[in-house]
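Student:
There are 2 protein chains.
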Amino acid sequence: MIFRLNQSSGVPLYLQLMEQVKHAVETGALREGDQLPTIRSLAEELVMNPNTVVRAYRELEHEGVVELRHGSGAFIKESAADRGRLIRRAQAVVHSAVERLTLLGLTEEELRRVFENEISQARPEGQWRKLSGGKP
Amino acid sequence: MIFRLNQSSGVPLYLQLMEQVKHAVETGALREGDQLPTIRSLAEELVMNPNTVVRAYRELEHEGVVELRHGSGAFIKESAADRGRLIRRAQAVVHSAVERLTLLGLTEEELRRVFENEISQARPEGQWRKLSGGKP
DNA sequence: TATAGTGTACCATCTGACTAGCACACTTTG
DNA sequence: CAAAGTGTGCTAGTCAGATGGTACACTATA
């Protein structure tokens with residue numbers, strides 16, 4: 001497993017860690033019964049506090065993704081549906097799109113904005129706040 | 137202009153606001169000389185503290201995106217390059233990709249993870265921390 | 001039955017994001 | 001000149017993320 005965390009994105013580290021684990025499960029990189037890194041070892045390698053790892057693991061347990069076994073470790077729970085194939089296919093689609101846009105000359109910042117904008121346009125159900133203003 | 141902020145994403149509101157403004161400029165929705173909403177009015181409509189809007193505006197000014205005129209308002213500065221056409225083209229590409237993946241049955245959460253994973257795979261230059269662990 | 005390795009549970013502390021409220025200075029408009 | 005609307009500046013406080021450290025409880029293994 002390889003986890004990549006972005007310190008300066010504003011997104012809490014424990015949330016990023018959770019996302020990484022979920023993604024690994026979705027792609028099949030982590031399978032049912034696999035043991036996750038130890039809290040202490042992961043904290044050490046990611047140069048973060050063990051408590052932060054604990055928080056991520058506990059939330060993942062609460063979401064039913066992992067199982068914490070006192071004294072032995074953290075393990076991937078049986079996932080309801082194996083979406084590995086679908087996710088990998090999706091990854092391919094996104095990959096080609098990102099590659100194409102990179103060649104067009106978009107910066108990573110622009111890419112993120114375009115993507116986030118598209119998501120929020122396509123699915124306005126979430127916790128959004130709208131503002132319709134004119135020229136004040 | 138329409139701004140959409142996500143309260144529960146973990147990303148600071150002032151950063152989200154900045155992104156929205158930048159995106160609006162990139163797409164051409166906001167043009168040179170256009171006046172942005174008043175600090176107070178924007179804060180009121182977005183139901184946030186004026187200080188938070190101030191912070192976003194000041195950072196945007198620092199980045200050269202807007203110009204704050206004491207006593208009159210905030211205005212879009214002349215942008216170095218008009219990337220409107222490029223960005224709109226990119227938006228079309230991303231739009232079709234997102235649509236396709238939505239039809240495949242991906243949730244918004246999965247979509248975000250796949251995208252973020254792709255970005256970090258494609259451009260590992262940033263402030264990333266790697267972990268290569270095995271089964272501990 | 002030891003012992004090492006694991007998760008669990010606290011507590012104190014620091015930092016940044018955000019809120020809350022007020023007074024002040026400048027510009028526009030009448 | 002006066003009033004309304006604007007950005008500016010400041011102080012104080014709340015909250016969540018993250019750190020740092022310690023002690024404890026459980027499990028696997030020799």
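Keeping their order, the protein sequence lines are chains A and B. Be aware that the first sequence starts at 1, since it is given in our numbering, and climbs by one per residue. Be aware that the second sequence starts at 137, since it is given in our numbering, and climbs by one per residue. Just so you know, even glycine gets a beta-carbon here, dropped at the ideal spot from N, CA and C.
How would you label V206(B), buried or exposed, when you count the other beta carbons within 10 angstroms and need 16 or more for buried?
Tutor: Locating residue 206(B) in the second sequence gives position 70, where the first residue counts as 1. The sequence shown places His at residue 206(B), rather than the Val named in the question. Burial call: exposed.
Student: Out of V11(A), G33(A) and G10(A), which has the shortest C-alpha to C-alpha gap to G73(A)?
Tutor: By 1-based counting over the first sequence, the position of residue 73(A) is 73. Ranking the options by Cα distance to G73(A), first place goes to G33(A).
Student: What separation, rounded to the nearest whole angstrom, lies between the Cα atoms of H231(B) and Q121(A)?
Tutor: Taking the second sequence and counting its residues from 1, one reaches residue 231(B) at position 95. Taking the first sequence and counting its residues from 1, one reaches residue 121(A) at position 121. Rounded to whole angstroms, H231(B) to Q121(A) spans 9 Å at the Cα level.
Student: Grouping DSSP H, G and I as helix and E and B as strand, with all else coil, what is G200(B)?
Tutor: Working through the second sequence from its first residue, we reach residue 200(B) at position 64. Reduced to three states, the DSSP call for G200(B) is coil.
Student: When DSSP labels each residue in this structure, what does Q143(B) get in the three-state scheme?
Tutor: Stepping through the second sequence from its first residue, residue 143(B) is reached at position 7. Coil.
Student: Given that K22(A) touches chain B, what residues does it touch there, using C-beta distances under 7 Å?
Tutor: Position 22 of the first sequence, counted from the first residue, corresponds to residue 22(A). Identification of chain B residues near K22(A) by a Cβ-Cβ cut-off of 7 Å yields R249, ordered along the chain.
Student: Find the residues of chain B that neighbour N117(A), judging by a C-beta separation of less than 9 Å, and give them in chain order.
Tutor: As a working mapping, residue 117(A) is identified with position 117 in the first sequence. R140, E155, Q156, H159, T163, Q227 and V230, listed in chain order.
Student: Check each residue of the segment 59-93 of chain A: if its Cβ is closer than 8 Å to any Cβ of chain B, include it; give the result in chain order.
Tutor: G73, R83, L86, I87, R89, A90, Q91 and V93
Student: Report buried or exposed for H62(A), applying the criterion of at least 16 other Cβ atoms within 10 angstroms of its Cβ.
Tutor: Position 62 of the first sequence, counted from the first residue, corresponds to residue 62(A). Answer is exposed; the Cβ neighbour count stays below 16.
Student: Which word fits R113(A), buried or exposed, when buried means at least 16 other C-beta atoms lie within 10 angstroms of its C-beta?
Tutor: Position 113 of the first sequence holds residue 113(A). Per the 10 Å Cβ criterion, buried.
Student: In angstroms with no decimal places, state the Cα-to-Cα distance between E181(B) and V190(B).
Tutor: Indexing the second sequence from 1 puts residue 181(B) at position 45. Indexing the second sequence from 1 puts residue 190(B) at position 54. Roughly 14 Å separates the two Cα atoms.
Student: Got a sec: which bits of the segment 45-58 of chain A sit with their beta carbon under 7 Å from any beta carbon on chain B, in order along the chain?
Tutor: E45, L46 and V47
Student: Could you check the C-alpha separation between T52(A) and Y14(A) for me, to the nearest Å?
Tutor: Locating residue 52(A) in the first sequence gives position 52, counting from the first residue. Locating residue 14(A) in the first sequence gives position 14, counting from the first residue. The alpha-carbon atoms of T52(A) and Y14(A) are separated by roughly 6 Å.
Student: Taking all protein chains shown into account, do 16 or more other C-beta atoms lie within 10 angstroms of the C-beta of I138(B), making it buried, or fewer, making it exposed?
Tutor: Walking along the second sequence from the start, residue 138(B) turns up at place 2. Classification for I138(B): exposed.
Student: Using the rule of at least 16 other Cβ atoms within 10 Å of the residue's Cβ for burial, across every protein chain shown, is A97(A) buried or exposed?
Tutor: For the purposes of this step, residue 97(A) is taken as the residue at position 97 of the first sequence. A97(A) is buried by the Cβ-count criterion.
Student: Can M154(B) and A192(B) be called in contact, C-beta distance under 8 Å?
Tutor: Position 18 of the second sequence, counted from the first residue, corresponds to residue 154(B). Position 56 of the second sequence, counted from the first residue, corresponds to residue 192(B). Result yes, Cβ atoms of M154(B) and A192(B) sit closer than 8 Å.
Student: Does the beta-carbon of E110(A) have 16 or more other beta-carbons within 10 angstroms, so that it is buried, or is it exposed?
Tutor: In the first sequence, the residue the question calls residue 110(A) occupies position 110. Label assigned to E110(A): buried.
Student: Contact criterion: CB-CB distance below 8 Å. Does L166(B) meet it with respect to chain A?
Tutor: Here residue 166(B) is taken as the residue at index 30 of the second sequence, counted from 1. No, L166(B) lies away from the interface with chain A (no Cβ there is under 8 Å from its Cβ).
Student: In angstroms with no decimal places, state the Cα-to-Cα distance between V161(B) and R167(B).
Tutor: To locate residue 161(B), count along the second sequence from 1; it is residue 25. To locate residue 167(B), count along the second sequence from 1; it is residue 31. The alpha-carbon atoms of V161(B) and R167(B) are separated by roughly 6 Å.
Student: Where R88(A) and T27(A) are concerned, what is the direct C-alpha to C-alpha distance, given to the nearest angstrom?
Tutor: To locate residue 88(A), count along the first sequence from 1; it is residue 88. To locate residue 27(A), count along the first sequence from 1; it is residue 27. Computed Cα separation, rounded: 6 Å.
Student: Buried or exposed: which applies to S8(A), given that a residue is buried once 16 or more other Cβ atoms fall within 10 Å of its Cβ?
Tutor: In the first sequence, counting from the first residue as 1, residue 8(A) sits at position 8. Burial call: exposed.
Student: Output the boundary residues of the alpha helix (DSSP H) element that contains G28(A).
Tutor: To locate residue 28(A), count along the first sequence from 1; it is residue 28. Per DSSP, G28(A) belongs to no alpha helix (DSSP H) and is neither H nor E.
Student: Could you tell me the distance, in whole angstroms, from the CA atom of Q156(B) to the CA atom of E116(A)?
Tutor: Here the question's residue 156(B) lines up with position 20 in the second sequence. Here the question's residue 116(A) lines up with position 116 in the first sequence. Cα-Cα distance, rounded: 10 Å.
Student: Answer with yes or no whether the minimum CB distance from A43(A) to chain B is below 8 Å.
Tutor: Counted from its first residue, the first sequence places residue 43(A) at position 43. Output row for A43(A): interface = no.
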